[in-house]
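Peer 1: Sharing a structure here in structure tokens format.
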Amino acid sequence: MAVVTASHPHLTGASVQWSHAFGGAPVLVASADREWIRRPDPAVQLWAGLQELLPGVVMHQCGGHFAGSSVVHWRAGAAGHGALLTGDTIAIGADRASVNVMRSYVNRIPLPQRAVRRVLDTVAGLPYDRLYGAFGVLPTHAHEIVDTSLRRYIAWVCGDVPDEPDS
4 MAVVTASHPH LTGASVQWSH AFGGAPVLVA SADREWIRRP DPAVQLWAGL
54 QELLPGVVMH QCGGHFAGSS VVHWRAGAAG HGALLTGDTI AIGADRASVN
104 VMRSYVNRIP LPQRAVRRVL DTVAGLPYDR LYGAFGVLPT HAHEIVDTSL
154 RRYIAWVCGD VPDEPDS
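First residue of the sequence shown: 4, per our numbering; consecutive thereafter.
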């Protein structure tokens, strides 16, 4: 195992345990989320921005769910079409045809436009066709689905709702 990381800082204690079980692989935690580290350990390393995990596998900090929330882009994934591993930084919708982003999924706290825009801008230039989320997979057309879903989210939170009649 080369590295232990997660899309956001829940379960960092378990990450340390995995690190120890696999020979001390570094546990990467976004520096913006350092306050969430509950089990300090020499294996924990802070990072920000971009972090190459392996050749062709890069973690991108995009914020959203947490300030340091990230996604991993695997350029050669999906038979060379690219894959995005998102955890719940970008969550697959119940319809399996859309995605969403939230500050808190459990409490249904949405993100403001600027945070959604940052997530969208972070992934917009990455080539990927498949998305692996925490609770499902978008096997094809994931880039288009993310773009459409997050642009729709921004329109809604900005009050630009084209399918609602004017008052």
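Using N, Cα and C, we set each Cβ at its ideal position, and we do this for glycine too.
Starting from Arg154, follow the beta strand (DSSP E) in both directions and report where the run begins and ends.
Peer 2: Element bounds for Arg154: not the beta strand (DSSP E) but the alpha helix (DSSP H), Ala145 to Val160.
Peer 1: With a threshold of 6 angstroms on Cβ separation, who are the neighbours of Gly59 within its own chain once the five nearest residues in sequence on each side are excluded?
Peer 2: Correct list, in chain order: Arg78 and Ala79.
Peer 1: Does the Cβ-Cβ distance between Val140 and Cys65 come in under 8 angstroms?
Peer 2: No, the pair does not count as a contact, with Cβ atoms beyond the cut-off.
Peer 1: Could you have a look at Arg133 and say whether DSSP puts it in helix, strand or coil?
Peer 2: Strand at Arg133.
Peer 1: Going by Cα to Cα distance, which pick from Arg37, Val75 and Arg41 is closest to Gln20?
Peer 2: Checked all of Arg37, Val75 and Arg41; the closest Cα to Gln20 is Arg41.
Peer 1: Is the distance from the Cβ of Leu87 to the Cβ of Ala145 below 8 angstroms?
Peer 2: The answer is yes: Cβ separation under 8 angstroms.
Peer 1: So, with DSSP's three-state summary, where would you put Asn102?
Peer 2: Residue identity check: residue 102 is Val in the sequence provided, not Asn. Val102: strand per DSSP, three-state reduction.
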